[in-house]
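Protein chains in written order, with the working numbering: chain D, 1143 to 1493; chain G, 110 to 486. Working notes for the structure below.
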């Protein structure tokens, strides 16, 4: 019988992590350079919007040409709030009409109606490395850093890649209630709980939580998060319903409380960069994501026996489950052995 | 056994058939003898969608070990391979396959051959794991259960099933949930068209849900709950899930149908050898009725079917009994065959309109109880 192989917790694995994915960002590091987590590796100028001023009307003229005649600053000039942008004399030169810039920005254009468009000054966004390691590649796609990380792989996920510090707010078998969240959760990756409801998700979004890692969720709440990004990335470690977060997953996350994490819904993973001193202990998974069942393997049970982890002790070919699927005997602990269809097992690899 | 003529030369003596479903891949190694095709070995494994080669390699290895026959030589298959699937196959597989057939094509070919060979009406009811990916009314599904379950839990069950379609239900409750989902899918996907004769149907039941149905009474209730009023149907359970593979063979090798036409016994033989279980005949009256049964005594026996009740006559397979029954205001005389369940008369209004809750749970439990096997006559 072949079954899926899951690596739910991968401790200390060397990876080539790609950072700086936005094409608006400019890399500030070069190949071969050693970087620390706090180093700035890229800077992006993010446009902040624009303001339209009905200048023709304010000056009492018509059309673009008339307005351009009265401008005292050329197009493309940087201007500051209060600075005179246009001046018009009237009543035989006795009265002067001036217009001052309402914002700091750049004069962008004068449109056909004689309105002046001023772009706000762009914001500068600095991207820190987040991980320590060696820069392997710098390209338009990003900066690739060789580093050592721990990974948490989950059952389902939604939302784009986000980052933040990890904050444990609930025990694995607790409900993640709205009261568990407060303003200290802003920009954080929140961890904990067996289930999260609609109210908690809404509160998390309002506060500005970057990511949420929880054991279970109802299908109807998960589907409302939608395929489009809701503004928060959510990872579900166990599946749908009330499902306490597995102990191995929780303990690993707890170890990195307050640490930096990169959460990705489409990859269904949370990456936790480790310090420079951490050495790689897990190399890439040999073979594929499926494997033949073998006695002595550590396995995870799904279905009614969900959540149990044990050692595969015996496989019996009695075929009572349909498809002639063999029955597996899994030792959970000294006193408990469970019989399940062998196809309901997943091999746990890693750690 | 009657000696039969060998199939035409174009038909291979031995071949492989793969039914690549969205959750499981079923593989069969067939030999075509003078008495028709015979499955020599079969193996089933979960379909690894992103690495179909992995599934196929393991299946071929299992078949090869069971048969003690080499299937490969110098990286190429020794025997012709027919594949039935609705998935996009990787080029490595399409290159080694002699034919690829869609599941609907395979089903139609089987239905067409069956009509030619046995006459009457036939429907292949394929309830594979893909039913779990359909949007089905959870309220209706819930109403088929004998225990309370809230809709949110049901949605979550289906959600988890979608994450790993190849898992099998574990425990009686999970079997019941999956059968309830299958009933809803059956009603949605296999409607009887207006104008179709409702009498004399044969149903071939195939797919994951039927393969793990541990009790005949629950399978019988699935059939009865899904049949519209005024239908008489004999049900065959394809316990080995070979139907679509067989349909694909009939689609690719048209001479196989000709062969069965010349040798009708070989068709029955194929069904029997491949574990097609005759469950019996199911008569959906749509309400109360009186059935007159000819057991061969001097007088006809009268069986009263009350409204809302199921009446089971435990007549075993192979035994045929004459009946007189009023269907759709017409008097009908029919010869019905028993089976592993028997002959069942359904006096319930159709379509069933149950509202999830304690009353529905009690009703379903009562119906199931009334279908429990008693000694066959």
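Ideal Cβ positions, reconstructed from N, Cα and C, are used throughout, including at glycine. A quick note: this is a predicted structure, and the numbers were derived from the prediction, not measured.
Euclidean distance between Cα positions of residue i and residue j
i: residue 152(G); j: residue 280(G); result: 24 Å
i: residue 1456(D); j: residue 168(G); result: 21 Å
i: residue 140(G); j: residue 127(G); result: 15 Å
i: residue 492(G); j: residue 158(G); result: No answer is possible for residue 492(G): it lies beyond the span of chain G, which begins at 110 and ends at 486.
i: residue 375(G); j: residue 350(G); result: 19 Å
i: residue 472(G); j: residue 1364(D); result: 34 Å
i: residue 1460(D); j: residue 1335(D); result: 38 Å
i: residue 118(G); j: residue 368(G); result: Residue placement at residue 118(G) is flagged as unreliable, the pLDDT there being 47, under the threshold of 50; the coordinate-derived value follows with that caveat. Their backbone Cα atoms lie some 12 Å apart in a straight line.
i: residue 1272(D); j: residue 271(G); result: 35 Å
i: residue 1260(D); j: residue 1381(D); result: 50 Å
i: residue 1454(D); j: residue 1313(D); result: 28 Å
i: residue 240(G); j: residue 250(G); result: 12 Å
i: residue 337(G); j: residue 199(G); result: 41 Å
i: residue 1292(D); j: residue 479(G); result: 58 Å
i: residue 451(G); j: residue 278(G); result: 27 Å
i: residue 1253(D); j: residue 1209(D); result: 10 Å
i: residue 1233(D); j: residue 1239(D); result: 11 Å
i: residue 179(G); j: residue 187(G); result: 8 Å
i: residue 1145(D); j: residue 1379(D); result: 19 Å
i: residue 1341(D); j: residue 1191(D); result: 33 Å
Which of helix, strand or coil DSSP assigns to residue i
i: residue 227(G); result: helix
i: residue 1234(D); result: coil
i: residue 1442(D); result: strand
i: residue 1495(D); result: The first residue shown for chain D is 1143 and the last is 1493, placing residue 1495(D) beyond what the model contains.
i: residue 450(G); result: coil
i: residue 410(G); result: strand
i: residue 1392(D); result: helix
i: residue 1205(D); result: helix
i: residue 464(G); result: coil
i: residue 455(G); result: strand
i: residue 1276(D); result: strand
i: residue 1161(D); result: strand
i: residue 1189(D); result: coil
i: residue 528(G); result: Outside the displayed range of chain G (110 to 486) lies residue 528(G), so it cannot be described from this structure.
i: residue 259(G); result: coil
i: residue 274(G); result: coil
i: residue 1152(D); result: strand
i: residue 1222(D); result: coil
i: residue 215(G); result: helix
Under 8 Å between C-beta atoms of residue i and residue j
i: residue 1510(D); j: residue 1325(D); result: This structure cannot settle anything about residue 1510(D), because the visible part of chain D is limited to 1143 through 1493.
i: residue 1124(D); j: residue 1227(D); result: Missing from the structure shown is residue 1124(D); chain D here goes from 1143 to 1493 and no further.
i: residue 1414(D); j: residue 1375(D); result: no
i: residue 129(G); j: residue 172(G); result: no
i: residue 1356(D); j: residue 1338(D); result: yes
i: residue 504(G); j: residue 193(G); result: The requested residue 504(G) does not occur in the structure, where chain G is confined to residues 110 to 486.
i: residue 392(G); j: residue 411(G); result: no
i: residue 218(G); j: residue 436(G); result: no
i: residue 382(G); j: residue 455(G); result: no
i: residue 1480(D); j: residue 1489(D); result: no
i: residue 1147(D); j: residue 1391(D); result: no
i: residue 1407(D); j: residue 1377(D); result: yes
i: residue 1178(D); j: residue 1277(D); result: no
i: residue 1306(D); j: residue 1289(D); result: no
i: residue 1482(D); j: residue 1443(D); result: yes
DSSP bridge partner residues for residue i (one or two, in chain order)
i: residue 209(G); result: 192(G)
i: residue 1146(D); result: 1432(D)
i: residue 472(G); result: DSSP lists no partner for residue 472(G).
i: residue 390(G); result: 343(G) and 452(G)
i: residue 1167(D); result: 1186(D)
i: residue 385(G); result: 347(G)
i: residue 1375(D); result: 1353(D)
i: residue 1473(D); result: 1453(D) and 1479(D)
Any non-hydrogen atom of the ligand COA within 7 Å of residue i CB
i: residue 1256(D); result: Summarising the ligand content, the structure contains no ligands, and the ligand COA is consequently not present.
Any contact of the stretch 317-334 of chain G with the stretch 426-436 of chain G, i.e. 3+ C-beta pairs under 8 Å? Flag = no, the stretch 317-334 of chain G and the stretch 426-436 of chain G do not touch.
For the stretch 463-480 of chain G and the stretch 364-380 of chain G, state whether three or more C-beta atom pairs, one from each stretch, are separated by less than 8 Å. Here the stretch 463-480 of chain G makes no contact with the stretch 364-380 of chain G; the two share fewer than three CB pairs at distances below 8 Å.
Would you call the stretch 218-226 of chain G and the stretch 281-294 of chain G in contact, with 3 or more CB pairs under 8 Å? Pairwise C-beta distances place the stretch 218-226 of chain G out of contact with the stretch 281-294 of chain G, as fewer than three of them are shorter than 8 Å.
Per the contact definition of three or more C-beta pairs closer than 8 Å, is the stretch 312-326 of chain G in contact with the stretch 228-239 of chain G? In short, these stretches touch, since the Cβ pair count reaches three.
Report yes or no: do three or more beta-carbon pairs, one from the stretch 1203-1216 of chain D and one from the stretch 1174-1191 of chain D, lie closer than 8 Å? no
The stretch 141-162 of chain G: positions lying closer than 7 Å to chain A by Cβ: Absent from the structure: chain A. Protein chains present are D and G.
Sufficient close CB pairs (3 or more, under 8 Å) joining the stretch 445-452 of chain G to the stretch 383-395 of chain G: yes
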